[in-house]
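Enquirer:
In our numbering, the protein residues as written are 276 to 758.
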């Protein structure tokens with residue numbers, strides 16, 4: 276086969292996170308977003324040193340397990356989901372097999388206990404945060420607000436029937452899109468760096484129903500002069516449209532705050548360069564495992580609240596006995612794990628690079644009456660050098676890229692007997708586990724938790740214990756004799 280050739284084949288399996296594996300005309304071809312069991316048509320896009328990649332052109336036959344009646348109407352256009360149409364049990368089975376395959380080269384079968392995968396309590400409507408983008412679906416088309424079109428950096432698909440969020444998200448999305456379409460407000464174009472509208476950030480607490488919305492725009496307001504309006508009037512109108520949703524009873528939840536965030540950066544990301552409160556407050560509360568957490572617009576918090584209870588419950592189980600012990604919670608976010616462990620620990624120290632998240636963690640711990648929590652702002656790589664206390668247990672919950680190699684070495688140097696690694700990307704986990712095992716740790720238990728139904732992502736929790744050398748055993752025997 277040559278580049279540009281069209282091929283057909285059945286998807287044998289899917290490797291993490293979305294790589295369908297097909298054999299066609301004697302070649303093994305990787306096709307993204309092709310689901311196990313489907314018969315697909317693709318075109319060869321790359322062939323180098325025996326490695327072939329293709330692009331999905333069409334699904335000729337669905338997988339035997341697909342149920343098209345359950346699929347999201349935006350499936351195939353929106354790039355947010357992968358497994359729409361796949362029964363949830365099949366999704367879990369695929370993710371479990373992917374994690375086992377990735378860990379196999381590092382953790383031989385039988386060397387640890389694999390506890391399978393735990394599903395999300397909510398299969399649909401589980402997300403508590405969305406960053407919708409303004410744009411158009413086709414060049415010079417009508418204003419769109421939603422998710423990036425699959426495979427496109429520029430095109431946006433309006434998603435008013437998204438199934439992985441609460442219906443309140445969709446009603447807010449449609450109200451905002453209609454309002455700004457009526458005004459003829461221009462969206463920010465990535466090539467020219469011109470335009471006003473960028474993103475709509477929506478967060479909603481599952482337990483309390485509180486909603487926080489932030490409209491993210493540039494400071495480019497020249498378009499207003501033609502209509503004789505002001506930005507203040509436009510933002511006031513936006514606020515009133517949203518509040519009208521709640522007053523009319525069309526929302527199940529209630530607004531905690533409506534905000535306006537300025538962002539003139541070139542990056543296609545939500546960056547806070549100044550936020551004003553248009554109505555209410557700039558935070559809301561969520562409840563997990565009996566504790567209350569203050570969530571601010573840009574602080575990290577697990578996007579599946581009920582799934583987070585499953586994840587952190589498993590992490591707490593792996594941490595085990597903490598009475599009289601010092602626990603380090605590294606990459607602590609808003610301090611969720613730290614506060615869950617604090618009631619029975621002597622002290623918990625959290626380290627997080629996002630200062631806003633650290634402030635929220637401190638406030639949350641105080642509100643929950645936890646005086647034995649300390650939260651430090653900074654990069655784990657640098658902050659661990661400044662910590663004077665010796666931990667008994669370490670919990671790490673790093674970002675997708677895993678732990679910086681130098682930081683991992685410093686963490687290992689603490690020499691704790693027990694460590695819990697929470698990972699949102701199994702490829703990074705496998706890489707870091709190889710180092711941990713080489714440096715004297717062994718994996719005892721592994722459990723997957725599906726926090727993101729219908730997507731290719733999965734969380735994994737690993738309990739690690741330090742291998743005892745002959746010297747360690749000798750010292751322990753001497754201690755026992757002294758006792």
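Each residue gets a CB set at the ideal place from its N, CA and C atoms; glycine is no exception.
The beta strand (DSSP E) that contains residue 716, what's its start and end?
Expert: 716 to 724
Enquirer: Which ranges does the alpha helix (DSSP H) cover as unbroken runs of at least 4 residues, wholly within the stretch 450 to 508, from first to last along the chain?
Expert: None, since the stretch 450 to 508 contains no complete alpha helix (DSSP H) of that length.
Enquirer: Let me know the secondary structure DSSP gives residue 646 once reduced to three states.
Expert: coil
Enquirer: Do residue 514 and residue 454 have their CB atoms nearer than 7 angstroms?
Expert: No; because the gap between Cβ atoms is not below 7 angstroms, this pair is not in contact.
Enquirer: What's the gap between the Cα of residue 668 and the Cα of residue 706?
Expert: 21 angstroms
Enquirer: Taking only three categories from DSSP, how would you classify residue 639?
Expert: helix
Enquirer: Residues in the same chain with beta-carbon distance under 6 angstroms from residue 285, minus the five sequence neighbours each way, listed in chain order, please.
Expert: 314, listed in sequence order.
Enquirer: Do residue 620 and residue 602 have their C-beta atoms closer together than 7 angstroms?
Expert: yes
Enquirer: For the beta strand (DSSP E) containing residue 368, name the first residue and the last one.
Expert: Element bounds for residue 368: not the beta strand (DSSP E) but the alpha helix (DSSP H), 363 to 378.
Enquirer: Just how far apart, CA to CA, sit residue 348 and residue 432?
Expert: 12 angstroms
Enquirer: Name the one or two DSSP bridge partners that residue 422 has.
Expert: 432
Enquirer: Here's a check: name, in chain order, each residue in its chain whose Cβ is nearer than 6 angstroms to the Cβ of residue 276, leaving out the five neighbours to either side.
Expert: 300, 302, 319
Enquirer: From residue 282 to residue 357, what distance separates their C-alpha atoms?
Expert: 22 angstroms
Enquirer: Counting only the same chain and skipping the five closest in sequence on each side, list residues whose C-beta sits under 7 angstroms from that of residue 556.
Expert: So the qualifying residues of the chain are 531, 532.
Enquirer: What do you reckon, are the CB atoms on residue 330 and residue 311 nearer than 7 angstroms?
Expert: no
Enquirer: Check residue 759 in the structure and name its three-state DSSP category.
Expert: Shown here, the chain extends from 276 to 758; a query on residue 759 therefore has no answer.
Enquirer: Helix, strand or coil for residue 527 per DSSP?
Expert: coil
Enquirer: Relative to the C-alpha of residue 690, which residue among 741, 713, 674 is closest?
Expert: 741
Enquirer: Within a Cβ cutoff of 8 angstroms, which residues of the same chain sit near residue 527, ignoring the five residues on either side of it in sequence?
Expert: 441, 442, 443, 484
Enquirer: Could you tell me if residue 622 is buried or exposed, where buried requires 16 or more neighbouring beta carbons within 10 angstroms of its beta carbon?
Expert: buried
Enquirer: Skipping 5 residues on each side, what residues in its chain have a beta carbon closer than 6 angstroms to that of residue 559?
Expert: 480, 485, 487, 531, 570
Enquirer: Identify the residues that DSSP records as bridge partners of residue 601: which are they?
Expert: Note: residue 601 sits in a beta bridge opposite 622.
Enquirer: Suppose contacts are defined by Cβ-Cβ distances below 7 angstroms. Is residue 626 in contact with residue 658 by that definition?
Expert: yes
Enquirer: What does residue 294 pair with, by DSSP beta-bridge criteria?
Expert: Beta-bridge pairing links residue 294 to 290, 307.
Enquirer: I need the boundaries of the beta strand (DSSP E) containing residue 740, first residue and last residue.
Expert: Looking at the DSSP string, the run of the beta strand (DSSP E) that includes residue 740 is 734 to 741.
Enquirer: Taking 7 angstroms as the cut-off, decide whether the C-beta atoms of residue 578 and residue 402 are in contact.
Expert: yes
Enquirer: State yes or no: is the beta carbon of residue 605 nearer than 7 angstroms to at least one beta carbon in chain D?
Expert: Within the model displayed, chain D is absent; a lone protein chain is all it includes.
Enquirer: Is residue 660 buried or exposed, if buried means 16 or more other CB atoms sit within 10 Å of its CB?
Expert: Counting Cβ neighbours within 10 Å, residue 660 comes out exposed, since fewer than 16 surround it.
Enquirer: Using 7 angstroms as the threshold, is the C-beta distance between residue 537 and residue 505 below it?
Expert: No, these two residues do not count as a Cβ contact at 7 angstroms.
Enquirer: Can you list, in chain order, the residues of its chain whose CB lies under 7 angstroms from that of residue 574, leaving out five sequence neighbours each side?
Expert: 609, 629, 631, 632, 635
Enquirer: Quick one: what's got a C-beta closer than 6 angstroms to residue 423's C-beta in the same chain, skipping five residues either side?
Expert: Answer for residue 423: 354, listed in chain order.
Enquirer: CB-CB under 6 angstroms to residue 576, same chain, minus the five flanking residues each way: which ones, in chain order?
Expert: 570, 609
Enquirer: Taking all protein chains shown into account, decide if residue 415 is buried (16 or more other Cβ within 10 angstroms of its Cβ) or exposed.
Expert: exposed
Enquirer: Could you pull out every unbroken beta strand (DSSP E) segment of at least 3 residues lying fully inside the stretch 556 to 603, listed in chain order?
Expert: 559 to 563, 566 to 570
Enquirer: Rounded to whole angstroms, what's the CA-CA distance from residue 398 to residue 734? Just pull it up for me.
Expert: Those two C-alpha atoms are separated by around 15 angstroms.
Enquirer: Consult DSSP for residue 611 and reduce its assignment to one of helix, strand or coil.
Expert: It is helical.
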